Amino acid sequence: MKRNVILIGLLGLLAILFTAPALAAEGSAEAGGAGGNWYVYLSYFAMAIATSVCAISQSKAISAACDSVSRNPGAADSIRFFLILGLVLIESLALYTLLIIFAK
48 MKRNVILIGL
58 LGLLAILFTA
68 PALAAEGSAE
78 AGGAGGNWYV
88 YLSYFAMAIA
98 TSVCAISQSK
108 AISAACDSVS
118 RNPGAADSIR
128 FFLILGLVLI
138 ESLALYTLLI
148 IFAK
């Protein structure tokens, strides 16, 4: 598992390093004549990934909170607070991605 995380991180870093010079070049989209709106499709893809990660994370958080409350009903108030706080922080990922899409 740790090896996969390191591999994915290195691949992401390589993708950033190889695409940064191409994105920094002035007039590259005008010179090519095609692919001027690639960032629109990329932003849609980023929103889809952020939404799916949020859905998976929220379902795991709610499941863990339900298990915790069923094991210790006396701590339900404290668990509820941290559940809501966690859900807010998880949902902020999708909202930040949406903000970045519309800010462009």
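Per this note's numbering, the very first residue in the sequence shown carries number 48; after that it's consecutive. The beta carbon of each residue, even a glycine, is placed where N, CA and C say it ideally should be. None of the values given here were measured: they were computed from a predicted structure.
Item	Value
Cut-off 6 angstroms between Cβ atoms - residues of its own chain near Ser104, not counting five sequence neighbours on either side	Ile137
Where Met94 sits in the DSSP three-state scheme	helix
The segment 86-100 / the segment 118-135 touching (three or more Cβ pairs under 8 angstroms)	no
Collapsed DSSP secondary structure at Asn119 in the structure displayed	coil
Neighbour-count burial assignment, Leu130, 16 or more Cβ in a 10 Å radius	buried
Sub-9 angstroms separation of Ser90 and Ile53 beta-carbons	no
Beta-carbon gap between Ala150 and Cys101 smaller than 9 angstroms	no
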